[in-house]
Every structure is written in C-alpha cells, then in structure tokens.
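Report on the following structure.
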Amino acid sequence: MDVRVERVEEIPSENGWRKFGCYVMVESFSLRRMDGSLAWRSDFMYADRIRCKWEQGFVLDCCQGGPN
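Residue numbers (this note's numbering): 1185 to 1252.
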C-alpha cells in the first residue's frame, strides 16, 4: 500500500539551513515459533506521524578535500 502525502513546511531562516529531512514513524511486529524461526512479520508506517527537521550550520562533507 502506497500513501502520498503533500505538506508545506516553512523555512525557519532564508540563509543558514543546510539540510532538510523528513522522518516517518515505523513499527515492526514479528511472531516467532517456539524454535525461534520467524512465522509472521509486519511493518506499519504511519503517514500521520511525519516529522521534518531542518539542520543549520556547518556540514562536513567527507568527499571534499581538507586538511589531513
């Protein structure tokens, strides 16, 4: 099942943010037999539990050259 979510997020500052990410709450349930083998597994993603995060400041890029 696919869920499409459209939202608007306001930028806290016009200059200074470096990275934006959204995170979704996921719960996993599994049912195991007495011998430990997996019998059933299900993942639940909550489209109403989306959190967005703005990261500000200096971001270190491992691919850029720099002092050793």
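Just so you know, even glycine gets a beta-carbon here, dropped at the ideal spot from N, CA and C.
In this structure, S1221 keeps its C-beta atom at 7 Å or more from the C-beta atom of F1213. The beta-bridge partner set that DSSP reports for G1205 consists of K1237. R1188 and G1205 have their alpha carbons spaced roughly 16 Å apart. In the DSSP assignment, E1211 forms a beta bridge with F1228. In terms of CA proximity to M1229, E1211 leads the group E1211, R1235, C1236. Annotation for A1223: L1215, R1216, R1217 place their beta carbon closer than 7 Å to its own, counting only its chain and skipping 5 residues before and after.
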